[in-house]
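Participant: Using my numbering, the first residue of the sequence shown is number 3, and each one after it goes up by one. Ideal Cβ placement from N, Cα and C applies to all residues, glycine included. This structure is a prediction, so every number in the text was calculated from the model and none was measured.
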Amino acid sequence: TMPAETEGKMPYPTLTKISGKPNRTSIQTLRAELLENACSVHSDGGDGLLGHARIVLTEEEYIEHSYGAEPFLIPAKPADLVHDPAVTHKTMYVLDKAHALKVTAWQTYHSTANTLKGQLLAAVNDTYVKALKEEKWGYRNSTVADLLTHLETVYGKITSQDLLDNRAKMAAPWMPPTDIEDFFENISDCLAFAELGANPISDRNAVDVGVATLKHTGLFTTALDKWDDKPQADK
């Protein structure tokens, strides 16, 4: 596991626990939190900008999201360093530093991977991932990406009920003091989910739902009256 001080710097030291059977929404939340945690631990690997995202992403996913489509090479354990007696002390120092960096990269990758796997397994009931559990080694040979792929393949299918629930969520009431940014973000998230489920919601429908929600607050009366007076093409 990672040193406590390093793990504590992760945005989600404890992931949002999935109660009961996972579904697309809960798995998406799980993946997003794991990804933020992975990115928070720096690595010079890949494009050097995504931290240890490769632990959560497949090789193809990492390349797709990395700057310049740069692949991330998982660090291999460095062989023991043995100096040639003929080299100078300065050369030994340079080689020692380079070797130490390789060891640190290898240790950090695997400690981060173990921490993230522990977080995932703590957030999901064992029933839903035990297909990857080996009798002797448990989940030792399963990566975080393996576990997420299994969850998404088996439980991540978007059902008709999920899509209905998503439309209901889009029309959820909003009222200050909740930030209006949360109101807009909710609509945006629901549009993205519907698109993912191959049942997109039109922009006009989303706007109509949003305006109806705002009208129910009793606020913005003047602005909403002006909105209603606009030609449809200008809304």
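Could you give the DSSP three-state label for Gly-53: helix, strand or coil?
Facilitator: It is coil, neither helix nor strand.
Participant: Measuring CA to CA, which of Leu-97, Ser-45, Ala-200, Lys-92 is closest to Pro-77?
Facilitator: Of the listed residues, the one whose Cα sits closest to Pro-77 is Ser-45.
Participant: Going by other Cβ atoms of all chains shown within 10 Å of its Cβ, with 16 needed for buried, is Pro-24 buried or exposed?
Facilitator: Label assigned to Pro-24: buried.
Participant: Which value, in whole angstroms, describes the spacing of the CA atoms of Lys-132 and Ala-235?
Facilitator: Their backbone Cα atoms lie some 54 Å apart in a straight line.
Participant: Between Ile-57 and Thr-114, which are expected to be in contact by the criterion C-beta below 8 Å, what is the C-beta distance as a whole number of angstroms?
Facilitator: With 8 Å as the limit, Ile-57 and Thr-114 qualify as a contact, their Cβ atoms being about 6 Å apart.
Participant: How would you label Ser-144, buried or exposed, when you count the other beta carbons within 10 angstroms and need 16 or more for buried?
Facilitator: By the neighbour-count rule (16 or more Cβ atoms within 10 Å), Ser-144 is buried.
Participant: Where does Glu-72 sit, in a helix, a strand or coil, going by DSSP?
Facilitator: Of the three classes helix, strand and coil, the one that applies to Glu-72 here is coil, per DSSP.
Participant: Is Leu-17 closer than 9 Å to Leu-122 when the C-beta atoms are compared?
Facilitator: In this structure, Leu-17 lies closer than 9 Å to Leu-122 by Cβ.
Participant: Out of curiosity, what's the CA-to-CA distance linking Asn-39 and Ala-173?
Facilitator: Answer to the nearest angstrom: the Cα atoms are 31 Å apart.
Participant: Of all Cβ atoms in chain D, is any one closer than 9 Å to the Cβ of Thr-180?
Facilitator: Chain labels in this structure do not include chain D; a single protein chain is all it has.
Participant: To which residues of the same chain is Ile-189 closer than 8 Å at the C-beta, ignoring the five residues directly before and after it?
Facilitator: So the qualifying residues of the chain are Met-172, Ala-208, Val-211, Gly-212.
Participant: Evaluate the contact criterion for the region 145–165 versus the region 191–204: three or more CB pairs, one atom per stretch, below 8 Å.
Facilitator: Counting Cβ pairs under 8 Å, three or more are found: they touch.
Participant: Would you mind working out which of Thr-129, Gly-120, His-152 sits nearest Thr-60, comparing C-alpha positions?
Facilitator: Answer by Cα proximity: His-152.
Participant: Have a look at Val-96 and Thr-110 and give me their C-alpha separation to the nearest angstrom.
Facilitator: C-alpha separation (whole angstroms): 21 Å.
Participant: Runs of 4 residues minimum, wholly inside the region 58–121: which ones carry the alpha helix (DSSP H) assignment?
Facilitator: Within the region 58–121, the complete alpha helix (DSSP H) runs of at least 4 residues are 61–67.
Participant: Look up Gly-212 in the DSSP assignment and say whether it is helix, strand or coil.
Facilitator: Helix, per DSSP.
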